[in-house]
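Visitor: Take this structure first; my questions come after.
There are 2 protein chains.
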Amino acid sequence: MAVYTQIPAEEMAELVLQFDAGKLISAKGIAEGVENSNYLVETTKGRFIFTVYEKRVDTADLPFFMAMIDHLVAKGCPVPASLKTAGGAATISHKGKSMAMMEFMPGLSVTHPTQAQALSTGRALGQLHGALKDFTLNRPNTLGLDGWLELAARCGDDLDKIQPGLKQRVAEECAFLRANWPADLDKSVIHADLFPDNVLMAGDTVCAVIDFYFACTEIRAWDLAVTHVSWSFDAENAYLADVGAALVSGYDESFGRTGAERAAFSILARGACLRFLLTRAWDWLNTPADALVTRKDPMAFLSRLEHYAAL
Amino acid sequence: MAVYTQIPAEEMAELVLQFDAGKLISAKGIAEGVENSNYLVETTKGRFIFTVYEKRVDTADLPFFMAMIDHLVAKGCPVPASLKTAGGAATISHKGKSMAMMEFMPGLSVTHPTQAQALSTGRALGQLHGALKDFTLNRPNTLGLDGWLELAARCGDDLDKIQPGLKQRVAEECAFLRANWPADLDKSVIHADLFPDNVLMAGDTVCAVIDFYFACTEIRAWDLAVTHVSWSFDAENAYLADVGAALVSGYDESFGRTGAERAAFSILARGACLRFLLTRAWDWLNTPADALVTRKDPMAFLSRLEHYAAL
Chain H
-12 MAVYTQIPAE
-2 EMAELVLQFD
8 AGKLISAKGI
18 AEGVENSNYL
28 VETTKGRFIF
38 TVYEKRVDTA
48 DLPFFMAMID
58 HLVAKGCPVP
68 ASLKTAGGAA
78 TISHKGKSMA
88 MMEFMPGLSV
98 THPTQAQALS
108 TGRALGQLHG
118 ALKDFTLNRP
128 NTLGLDGWLE
138 LAARCGDDLD
148 KIQPGLKQRV
158 AEECAFLRAN
168 WPADLDKSVI
178 HADLFPDNVL
188 MAGDTVCAVI
198 DFYFACTEIR
208 AWDLAVTHVS
218 WSFDAENAYL
228 ADVGAALVSG
238 YDESFGRTGA
248 ERAAFSILAR
258 GACLRFLLTR
268 AWDWLNTPAD
278 ALVTRKDPMA
288 FLSRLEHYAA
298 L
Chain A
-12 MAVYTQIPAE
-2 EMAELVLQFD
8 AGKLISAKGI
18 AEGVENSNYL
28 VETTKGRFIF
38 TVYEKRVDTA
48 DLPFFMAMID
58 HLVAKGCPVP
68 ASLKTAGGAA
78 TISHKGKSMA
88 MMEFMPGLSV
98 THPTQAQALS
108 TGRALGQLHG
118 ALKDFTLNRP
128 NTLGLDGWLE
138 LAARCGDDLD
148 KIQPGLKQRV
158 AEECAFLRAN
168 WPADLDKSVI
178 HADLFPDNVL
188 MAGDTVCAVI
198 DFYFACTEIR
208 AWDLAVTHVS
218 WSFDAENAYL
228 ADVGAALVSG
238 YDESFGRTGA
248 ERAAFSILAR
258 GACLRFLLTR
268 AWDWLNTPAD
278 ALVTRKDPMA
288 FLSRLEHYAA
298 L
């Protein structure tokens, strides 16, 4: 949520030319994205987001992410198109960092999604999944079941510093999920991080789905679970039944689920809660309390996990 | 250089309505400004900068700053106009913070100003000074001569932690400036912080002068000195004679200086260097080395000070 790489205007003007994006008019560093540096730039050809990939995104994964974005755009999904260099590349390298340039998409990320907004988002997620059925690249999910077990082990006893008893509860949940994780559901490339932050809306309409940097090959229905756990709770982590139901019905309407996917829903949602609980716990334990970056509360996802566990 | 106050989209949509600015389409937190939080917002009525004033700006000073901006806009200066509420107010208060909304101005802040850009900037500064001749409000300069002496005392022995001998050099300079500071030059409201950051340019043309939050009543010619010390040196602090000369000739062309102002130029410039040396030194000593905010090197302004002292 900061601009880590400062790019002087004169340099930005040159970089933008590499994407054949016209003459630079304005550039503002924006406080957005998963630890990348982003600029909202205006040129004689339009408005764009210029991204500098920082350490959290492995540049070896960029061809996968950019191909996925191109694929979705080609299928008419609401995703910002990426610009290409004269040589057809979607990224450039400058001073040791990879950089990309995408269409600017209007729209607002809502904080308190309504039923109507959840319905549109469920439909948009189904549309993405439909478009990705014939996308052939793969990227392993480093934050899947095995990743959670490893992350839980790395956090170790420190989990109890966040809340006494958390280590034990996480161990139980890991064991439960290992024993009950569905083995036979369809896998596909998924977004894997469709929080409200990553959907730009105009009223109840989805303008754009953004931030594909956790996309990976995973149980497809887990993507709906991730979306469900991130959209359907209020600030006090109380379940919003109407929002949750609208999200699922939008998805079922546009893509649909098998009986097995429906049956596995609460298990998948528990896995989604555990994933965010653990990555937030790790960040919490490894971010100084006085750092300027906001530490996100891991306990919110324990509370949500218990909601699904009680179903 | 961060967004300190996060405003949810739903809340921003309401705030924007208070300025009669239309329906919110997009809002991006931008990494800009003197420790204020700024959003680049788009509405059905256009693009704007929405500012949340944080602790560094004293809200008691806001009526002065906003009146100054209105005055400059009314006189046709390249300054972003501030929006008003239905009741005519230039700021609103929300959750204990003051907020304002201004026109978005295109243009880029250059990092390596050219001679032509310095000429335009000198002219724009002269235009501002002409417009401010009949501006009747006053705000004391807390970062004037007395302020430097106080700041030097507060930094005390710690100055030598930045560079051995710095305390002694600062003390000598404070004594020199106290003895030689011009007493009879015209005072006026000035910008007082016209670094390249605070000028938005399209090619060689000034689109906008921004960031009036250090504006104060001070020796008018000191404003040209502040601009000179901040524009006329390269990254290694070597003096760029062509840039410096262009800045001064643009100013002289549009506003002009008296003989006494010309004679005092190098003293005023030494004062300007000392001002930025000391505020940067204070920030340096009081910002943890690992903080996300960039610490600006105070020594750059000692090197520039020595340039003027040698004249």
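Protein chains in written order, with my numbering: chain H, -12 to 298; chain A, -12 to 298.
For glycine and all other residues, C-beta sits at the position ideal for the given N, C-alpha and C.
Grouping DSSP H, G and I as helix and E and B as strand, with all else coil, what is residue 6/A?
Guide: Within the second sequence, the letter at position 19 stands for residue 6/A. In the structure shown, residue 6/A sits in coil (DSSP, three-state: anything other than H, G, I, E or B).
Visitor: Counting only beta-carbon separations shorter than 9 Å, does residue 97/A have a partner in chain H?
Guide: Translated into positions along the second sequence, residue 97/A becomes position 110. Taking Cβ atoms only, chain H reaches closer than 9 Å to residue 97/A, which makes this a yes.
Visitor: Just to confirm my understanding: we take residue 124/A, look at its own chain, exclude 5 residues before and 5 after, and list those with CB closer than 6 Å. What are they?
Guide: The residue given as residue 124/A occupies position 137 in the second sequence. Here the set comprises 51, 54.
Visitor: DSSP state of residue 17/A, grouped into three classes?
Guide: Within the second sequence, residue 17/A is the residue found at index 30, counting from 1. In this structure, residue 17/A counts as strand in the three-state DSSP scheme.
Visitor: Closest Cβ-Cβ distance between residue 0/A and chain H: below 9 Å?
Guide: Here residue 0/A is taken as the residue at index 13 of the second sequence, counted from 1. Yes, its Cβ sits closer than 9 Å to a Cβ of chain H.
Visitor: Rounded to whole angstroms, what's the CA-CA distance from residue 115/H to residue 64/H? Just pull it up for me.
Guide: The residue you call residue 115/H lines up with position 128 of the first sequence. The residue you call residue 64/H lines up with position 77 of the first sequence. Rounded to whole angstroms, residue 115/H to residue 64/H spans 7 Å at the Cα level.
Visitor: Between 211/H, 230/H, 213/H, 212/H, which has its C-alpha nearest residue 220/H's C-alpha?
Guide: Reading the first sequence from its first residue, position 233 is the one you call residue 220/H. The candidate whose alpha carbon is nearest that of residue 220/H is 230/H.
Visitor: With hydrogens ignored, establish whether the beta-carbon of residue 12/H is closer than 8 Å to any heavy atom of the ligand GDP.
Guide: With respect to the ligand GDP, the structure shown offers nothing to examine, as it has no ligands at all.
Visitor: If you reduce the DSSP assignment to three classes, tell me which class residue 175/A lands in.
Guide: Looking up residue 175/A in the second sequence gives position 188. If DSSP states are grouped into helix, strand and coil, residue 175/A belongs with the strands.
Visitor: Name, please, each residue of chain A whose Cβ falls closer than 8 Å to the Cβ of residue 27/H.
Guide: What you label residue 27/H is simply residue 40 of the first sequence in a count that begins at 1. The contacting residues are 15, 17, 27.
Visitor: Would you list, in chain order, the members of the segment 76 to 95 of chain A that have their beta-carbon closer than 9 Å to a beta-carbon of chain H?
Guide: Result list: 91, 92, 93, 94, 95.
Visitor: How is residue 22/A classed by DSSP in three states: helix, strand or coil?
Guide: Within the second sequence, the letter at position 35 stands for residue 22/A. In the structure shown, residue 22/A sits in coil (DSSP, three-state: anything other than H, G, I, E or B).
Visitor: How many Å lie between residue 13/A and residue 194/H at the Cα?
Guide: Locating residue 13/A in the second sequence gives position 26, where the first residue counts as 1. Locating residue 194/H in the first sequence gives position 207, where the first residue counts as 1. Computed Cα separation, rounded: 11 Å.
Visitor: Given a limit of 9 Å on CB to CB distance, which residues of the segment 47 to 66 of chain H reach chain A?
Guide: Of all residues in the segment 47 to 66 of chain H, none has a Cβ within less than 9 Å of some Cβ in chain A.
Visitor: Using a cut-off of 7 Å between C-beta atoms, extract the partners of residue -5/H located in chain A.
Guide: The count along the first sequence starts at 1 and reaches residue -5/H at position 8. Those are 98, listed as they occur along chain A.
Visitor: Chain H beta carbons: is any one of them nearer than 9 Å to that of residue 193/A?
Guide: For this step, residue 193/A is matched to residue 206 along the second sequence. Not an interface residue.
Visitor: Can at least three beta-carbon pairs, one atom from the segment 179 to 198 of chain A and one from the segment 103 to 121 of chain A, be found at a separation below 8 Å?
Guide: Touching, yes.
Visitor: Closest to residue 157/A by CA distance: which of 89/A, 262/A, 210/A is it?
Guide: By 1-based counting over the second sequence, the position of residue 157/A is 170. Ranking 89/A, 262/A, 210/A by Cα distance to residue 157/A puts 262/A first.
Visitor: Below 7 Å CB to CB, which residues in the same chain sit around residue 10/H once its five sequence neighbours on both sides are set aside?
Guide: On the first sequence, position 23 is the one that residue 10/H refers to. Same-chain partners within the cutoff: 30, 31.
Visitor: For the alpha helix (DSSP H) containing residue 154/A, list its first residue and its last residue.
Guide: Position 167 of the second sequence, counting from 1, holds the residue named residue 154/A. Run containing residue 154/A: 153 to 167, per the alpha helix (DSSP H) assignment.
Visitor: Please name the residue, chosen from 84/H, 112/H, 60/H, 79/H, that lies closest to residue 92/H on a Cα-to-Cα basis.
Guide: The residue labelled residue 92/H in the question sits at position 105 within the first sequence. Here the closest residue by C-alpha is 60/H.
Visitor: For residue 230/A and chain H, any beta-carbon pair shorter than 9 Å?
Guide: As a first step, residue 230/A must be located in the second sequence, where it is residue number 243. It does not; no Cβ of chain H falls within 9 Å.
Visitor: Given residue 248/A, which residues of its chain have a CB within under 7 Å of its CB, disregarding the five upstream and five downstream residues?
Guide: Translated into the one-based positions of the second sequence, residue 248/A becomes position 261. Excluding residues within five positions, the ones whose Cβ falls inside 7 Å are 172, 208.
Visitor: Is the segment 76 to 91 of chain H touching the segment 125 to 138 of chain H, taking contact as three or more C-beta pairs under 8 Å?
Guide: Result no; under three Cβ-Cβ pairs closer than 8 Å.
Visitor: Residues of chain H with CB under 8 Å from residue 189/A, in chain order?
Guide: For the purposes of this step, residue 189/A is identified with residue 202 of the second sequence, where counting begins at 1. Those within 8 Å of residue 189/A in chain H are 12.
Visitor: Using a Cβ-Cβ cut-off of 6 Å (strictly less than) and excluding sequence neighbours within five positions of residue 351/H, which residues of its own chain qualify?
Guide: Here chain H has residues from -12 to 298 only, and residue 351/H is not among them.
Visitor: Taking only the alpha-carbon atoms, compute the straight-line gap between residue -9/A and residue 244/H and give it to the nearest angstrom.
Guide: Taking the first residue of the second sequence as position 1, residue -9/A is located at position 4. Taking the first residue of the first sequence as position 1, residue 244/H is located at position 257. When rounded, the distance between both Cα atoms is 42 Å.
Visitor: Is there at least one Cβ from chain H nearer than 9 Å to residue 44/A's Cβ?
Guide: Here residue 44/A corresponds to residue number 57 of the second sequence, with the count starting at 1. By this cut-off, residue 44/A is not an interface position.
Visitor: Taking all protein chains shown into account, decide if residue 167/H is buried (16 or more other Cβ within 10 angstroms of its Cβ) or exposed.
Guide: Taking the first sequence and counting its residues from 1, the one referred to as residue 167/H is at position 180. When all chains shown are included, residue 167/H counts as exposed.
Visitor: When the distance is taken between beta carbons, is residue 197/A closer than 9 Å to residue 174/A?
Guide: Residue numbering aside, residue 174/A sits at position 187 when the second sequence is read from its first letter. Residue numbering aside, residue 197/A sits at position 210 when the second sequence is read from its first letter. Taking 9 Å as the Cβ cut-off, residue 174/A and residue 197/A do not qualify as a contacting pair.
Visitor: Report the residues of the segment 209 to 242 of chain H with a CB closer than 7 Å to any CB of chain A, ordered along the chain.
Guide: Against chain A - using a Cβ distance shorter than 7 Å - the segment 209 to 242 of chain H contributes no residues.
Visitor: Do you know whose CA, among 42/A, 284/A, 111/A, lies nearest residue 23/A's CA?
Guide: Position 36 of the second sequence holds residue 23/A. Nearest C-alpha to residue 23/A: 42/A.
Visitor: Does the separation of the CB atoms of residue 153/A and residue 258/A fall below 9 Å?
Guide: Counting from one through the second sequence, the residue named residue 153/A turns up at place 166. Counting from one through the second sequence, the residue named residue 258/A turns up at place 271. Cβ atoms of residue 153/A and residue 258/A: not closer than 9 Å.
Visitor: Looking only at DSSP bridge pairs, what is residue 226/A linked to?
Guide: Position 239 of the second sequence, counted from the start, is the residue given in the question as residue 226/A. Beta-bridge pairing links residue 226/A to 220/A.
Visitor: Is there a Cβ of chain H sitting closer than 9 Å to that of residue 176/A, yes or no?
Guide: Along the second sequence, read from residue 1 onward, the residue named residue 176/A stands at position 189. Not an interface residue.
Visitor: In angstroms, rounded to a whole number, what distance separates the CA positions of residue 90/A and residue 37/H?
Guide: Stepping through the second sequence from its first residue, residue 90/A is reached at position 103. Stepping through the first sequence from its first residue, residue 37/H is reached at position 50. Each residue's alpha carbon lies about 23 Å from the other.
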